[in-house]
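Read through the structure below, which is laid out as structure tokens, and then see the notes.
Residue numbers (my numbering): 29 to 147.
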């Protein structure tokens with residue numbers, strides 16, 4: 029019942045293509061009832077390995093998932109977005125594509141299209 033695992037991640041598994049390394053960052057608030065649980069995060073990483081990264085690895089596509097806990101004192105979405113973008117930058121990201129957890133990517137070639145427009 030989690031849209032990230034029902035929509036976004038499966039759509040990345042269907043549409044990711046070679047030539048890019050994909051990193052999915054999930055920012056969540058400290059104290060979040062769903063994500064702020066180490067056992068659950070381990071289970072979600074296992075699901076991701078089995079259903080997304082393991083399958084894409086067979087096609088020579090690398091995709092990684094990072095969960096980032098954020099102490100969101102303002103209780104607004106902007107600070108966590110900035111925190112996640114900064115983490116991606118520090119990890120060496122060339123591009124950041126921000127989407128919501130219920131986004132479903134329907135077409136292959138989206139990474140090429142988006143990065144091509146920024147060059």
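Beta carbons are placed, not taken as given, at the ideal position from N, Cα and C, and that holds for glycine.
Item                                                                                                                                                                            : Value
When DSSP labels each residue in this structure, what does residue 49 get in the three-state scheme?                                                                            : strand
Below 8 angstroms on the Cβ atoms is my contact criterion, and I expect residue 139 with residue 89 to pass it. Report the Cβ-Cβ distance as a whole number of Å.               : No, residue 139 and residue 89 are not in contact; Cβ-Cβ is about 10 angstroms, not under 8 angstroms.
Please list, in chain order, all residues of the same chain as residue 46 whose beta carbon is under 6 angstroms from its beta carbon, the five residues on each side excluded. : 88 and 89
Measure the alpha-carbon distance for residue 81 versus residue 94 and round it to whole angstroms.                                                                             : 12 angstroms
DSSP on residue 80, reduced to helix/strand/coil?                                                                                                                               : helix
Is DSSP giving residue 120 helix, strand or coil here?                                                                                                                          : coil
Using 8 angstroms as the threshold, is the C-beta distance between residue 146 and residue 123 below it?                                                                        : yes
Would residue 84 pass as a contact of residue 54 if the rule is Cβ separation under 8 angstroms?                                                                                : no
Using 8 angstroms as the threshold, is the C-beta distance between residue 98 and residue 56 below it?                                                                          : yes
Determine, using beta carbons only, whether residue 119 and residue 36 come nearer to each other than 8 angstroms.                                                              : no
Which term fits residue 58, buried or exposed, when burial requires 16 or more other beta carbons within 10 angstroms of its beta carbon?                                       : exposed
Apart from the five residues on each side of it in sequence, which residues of its chain come closer than 6 angstroms, Cβ to Cβ, to residue 51?                                 : 92
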